[in-house]
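Undergrad: End of the sequence shown = 253 in the numbering used here, gap-free, step of one. Here a beta-carbon is modelled for each residue, glycine too, at the ideal position from N, C-alpha and C. Input: one structure, supplied below.
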Amino acid sequence: MSRRNRPSSIQNRHSPALRSELAHAAARLIAEDGMEYGSAKRKAARQLGLPVNFPLPGNAEVEEAVRDYQAIYQEEEQAERLAWLRKAAAALMRRLERFSPWLTGSVLEGTATRHSRIDILLFPDSAKEVEIFLLDHGIPFHHGVPRNDRVEAMLVIDDEALPANLIVLPPREERVNFKGADGRTRPRARVEAVEALLAGEKG
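Dropping the structure here:
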């Protein structure tokens, strides 16, 4: 249905069909342009001509739409990219074992796009330990902006062959379940679980 012909009643504007259309429009922006979920939903709503108070779909709904989009338009590319990112993540986690690494984010969840980076949680005694390790091993990095006030440091690896964010937290946070903006607990995995995923993909 074109934007011009779309009914303007509040009921139709808030219909499940339109909400699904918005979720899939946002999914395309995420899969093709690498946008963050919140930004993609807001841009998709503007593109569809929706009012600013339109109830946006949750991240879980958009994530499912991303999976649908990737299965239809990017199946082979996405599978290869995901396997490559998981392999790189496992290798990096092995190198960082002393800092209790956990993989999280789209690489673990299986929705990584061509723009995605590896997100690894680390729990050292201090962020300085990780910085010294990276310097000693010749791994280039810079400081990114922490995503919340629980994060001690965000170390962004400057290497196209290793697109990773190292999210450094205090050791006490390792026992805490992290939640996304939508309130869902974010899954995370030890290196053994990541390697098991890779073994399953090969099988």
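Go to residue 206, then tell me how far its beta strand (DSSP E) extends in each direction, as first and last residue.
TA: Where residue 206 is concerned, the enclosing beta strand (DSSP E) stretches over 203–207.
Undergrad: Please report the straight-line C-alpha distance between residue 100 and residue 113, rounded to a whole angstrom.
TA: Answer to the nearest angstrom: the Cα atoms are 21 Å apart.
Undergrad: Could you pull out every residue in the same chain whose Cβ sits closer than 8 Å to the Cβ of residue 48, ignoring the five residues on either side in sequence?
TA: As shown, the chain starts at 51 and ends at 253. That puts residue 48 outside it, with no answer to give.
Undergrad: Does the Cβ of residue 136 have 16 or more other Cβ atoms within 10 Å, making it buried, or fewer, making it exposed?
TA: Answer is buried; the Cβ neighbour count reaches 16.
Undergrad: List the residues that DSSP assigns as beta-bridge partners of residue 109.
TA: According to DSSP, which records beta bridges pairwise, residue 109 is partnered with nothing at all.
Undergrad: Could you check how far apart the C-beta atoms of residue 226 and residue 151 are, in whole angstroms? I think they sit under 8 Å.
TA: With a Cβ gap of about 16 Å, residue 226 and residue 151 do not count as contacting.
Undergrad: Measuring only the C-alpha atoms, how far is residue 85 from residue 182?
TA: C-alpha separation (whole angstroms): 32 Å.
Undergrad: Return the chain-ordered list of same chain residues with a C-beta closer than 7 Å to the C-beta of residue 95, the five sequence neighbours on each side being excluded.
TA: Hits under 7 Å: 72, 104, 106.
Undergrad: Return yes when the Cβ of residue 142 is within less than 8 Å of the Cβ of residue 180, no when it is not.
TA: No, the pair does not count as a contact, with Cβ atoms beyond the cut-off.
Undergrad: Between residue 193 and residue 208, is the Cβ-Cβ spacing less than 8 Å?
TA: Contact flag unset, no.
Undergrad: How about residue 153 and residue 244: do their beta carbons lie closer than 8 Å?
TA: For residue 153 and residue 244, yes; Cβs fall inside 8 Å.
Undergrad: Per DSSP, which residues does residue 229 bridge with? Please list them.
TA: BP columns for residue 229 point to 235.
Undergrad: Assign residue 218 to one of three DSSP states: helix, strand, or coil.
TA: Here residue 218 sits in strand by DSSP.
Undergrad: Quick one, which of 196, 119, 177 has its alpha-carbon nearest residue 160's?
TA: For the residues 196, 119, 177, the minimum Cα distance to residue 160 belongs to 119.
Undergrad: Can you tell me the Cα-Cα spacing of residue 157 and residue 102, whole angstroms?
TA: Distance between the alpha carbons of residue 157 and residue 102 is about 32 Å.
Undergrad: By a C-beta neighbour count over all protein chains shown, 10 Å radius and 16 as the cutoff for buried, is residue 52 buried or exposed?
TA: Unreliable positioning characterises residue 52 in this predicted model, as indicated by a pLDDT of 45, which lies under 50. A coordinate reading is not provided.
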